[in-house]
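Residue numbers (UniProt numbering): 1 to 163.
Ideal Cβ placement from N, Cα and C applies to all residues, glycine included.
All values reported here derive from a predicted model rather than from experimental measurement.
Beneath this line is the structure, given in structure tokens, with notes to follow.
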Amino acid sequence: MTALKYLQAYPAQLQDQVRQLIAEDRLGDYLSQRYPGRHDVQSDKALYGYALDLKQEYLRNAPAIDKVLFDNRLDLTHRALGLHTTVSRVQGGKLKAKKEIRIASLFKEAAPEFLKMIVVHELAHFKESDHNKAFYKLCEHMLPGYHQIEFDLRVYLTWRDMQ
1 MTALKYLQAY
11 PAQLQDQVRQ
21 LIAEDRLGDY
31 LSQRYPGRHD
41 VQSDKALYGY
51 ALDLKQEYLR
61 NAPAIDKVLF
71 DNRLDLTHRA
81 LGLHTTVSRV
91 QGGKLKAKKE
101 IRIASLFKEA
111 APEFLKMIVV
121 HELAHFKESD
131 HNKAFYKLCE
141 HMLPGYHQIE
151 FDLRVYLTWR
161 DMQ
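Below, the structure written as structure tokens:
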């Protein structure tokens, strides 16, 4: 039985379906049929603009984003597809907080739906810090079909590991 490290939290029935696609060598076909395109966001500057547009559309009252970039050091083994951080510094007697989003560099070559899912996930953390019901409701609001795309992203990571 193939261990599916990115799909461990999903029901056994779904994992079995993925295992069957792997056994039949059809996992790549499934993904390319559902997600045929690749996005055009290739630079940190473009990624910043992309995230800012999403934030402006859905989270106008959330704190400003100071930095958004692709990071080739994010470790997928710890399930870090993206990372949101708040860096606090004292400047002239005032405490300043800078909000940053880092996206794993492997998503430069991914489908646009996967990039949007990661950015939406990290933006949602600026309003809801925990992975609770309100957090996922916000993700679903910003990206209808969020849960299916997240599952397919995990299937994509499984397929990528097999290459």
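*From the DSSP output, in three-state form, read off Ala12 for me.*
helix
*Could you name the residues of the same chain whose beta carbon sits closer than 8 Å to that of Asp71, not counting the 5 residues immediately before and after it, in chain order?*
Leu83, Arg102, Ile103, Ala104 and Ser105
*His78 versus Tyr6 - alpha carbon distance*: Because the pLDDT of His78 is 48, which lies under 50, any placement of that residue in the model is unreliable, and the number read from its coordinates should be weighed accordingly. Their Cα atoms are separated by approximately 10 Å.
*With C-beta atoms as the reference, is Leu123 less than 8 Å away from Leu54?*
yes
*Tell me which same chain residues have a C-beta within less than 6 Å of the C-beta of Leu27, skipping the five on either side of it?*
Leu21 and Trp159
_Spatial distance of Gln17 from Ala111 (CA atoms)_ = 22 Å
*Using the beta-carbon count (16 or more within 10 Å), is Met162 buried or exposed?*
exposed
_For Val41, the three-state DSSP class (helix, strand or coil)_ = coil
*Beta-carbon separation of residue 178 and Ala134 under 8 Å?*
Since the displayed the chain opens at 1 and closes at 163, residue 178 lies outside it and no answer follows.
*Cβ neighbour criterion (16 or more within 10 Å) applied to Arg154*: buried
*Just the C-alpha distance for Gln148 and Ser43, rounded to the nearest angstrom, thanks.*
27 Å
*Tell me whether Asp130 is buried or exposed, calling it buried when 16 or more other Cβ atoms sit within 10 Å of its Cβ.*
exposed
*Enumerated in chain order, which unbroken segments of the alpha helix (DSSP H) with a length of 4 residues or greater are wholly contained in the stretch 87-134?*
112-124
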